[in-house]
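Trainee:
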Amino acid sequence: MKFNEAVQAMLDGEKVTWVDSGNRYIMLNDMGNVVDDGGDLYRLYKKDFIKDWKIFGTPTAGALLTCCGKSYRLIEETDGTYAILNAETYVEQIKGITKENLMQDLIYYDFGIVK
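One rule links them: number in our numbering = place in the sequence shown (from 1) + 182.
In structure tokens:
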């Protein structure tokens, strides 16, 4: 979608992201300011107006992730938390991730969402 469509989506309460952004997104806060995924004010530049945009979605169990050139899978544990498995070895790399902290943890550990 183009930038004007992304703005309308934010006005409708959606989080938006640019194509190939990884886990980064912007949204409108309660005061109507454009903020990033950390809640900080986001400064718009000319490059933002020409990017291709899409609605941001939180990954679900089974999502393919990447980090440092390796592939990982997001799984949901029986207790409702998430874990990240190495896609080659199936060894848990990180576990005990709550749904509320999922996106912040993915950003902190620099995971990209493939699908």
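Glycine included, C-beta positions come from ideal geometry on N, C-alpha and C.
To which residues of the same chain is valine 217 closer than 8 Å at the C-beta, ignoring the five residues directly before and after it?
Mentor: Excluding sequence neighbours, valine 217 sits near Ile208, Met209, Leu210, Asn211, Leu223 and Tyr224.
Trainee: Assign methionine 192 to one of three DSSP states: helix, strand, or coil.
Mentor: DSSP places methionine 192 in helix when its eight states are reduced to three.
Trainee: If you draw a straight line from the C-alpha of isoleucine 257 to the C-alpha of tyrosine 272, how long is it?
Mentor: Distance between the alpha carbons of isoleucine 257 and tyrosine 272 is about 11 Å.
Trainee: How many Å lie between alanine 243 and leucine 226 at the Cα?
Mentor: Straight-line Cα distance between these residues: approximately 32 Å.
Trainee: At which residues does the alpha helix (DSSP H) containing methionine 285 begin and terminate?
Mentor: Looking at the DSSP string, the run of the alpha helix (DSSP H) that includes methionine 285 is 284 to 290.
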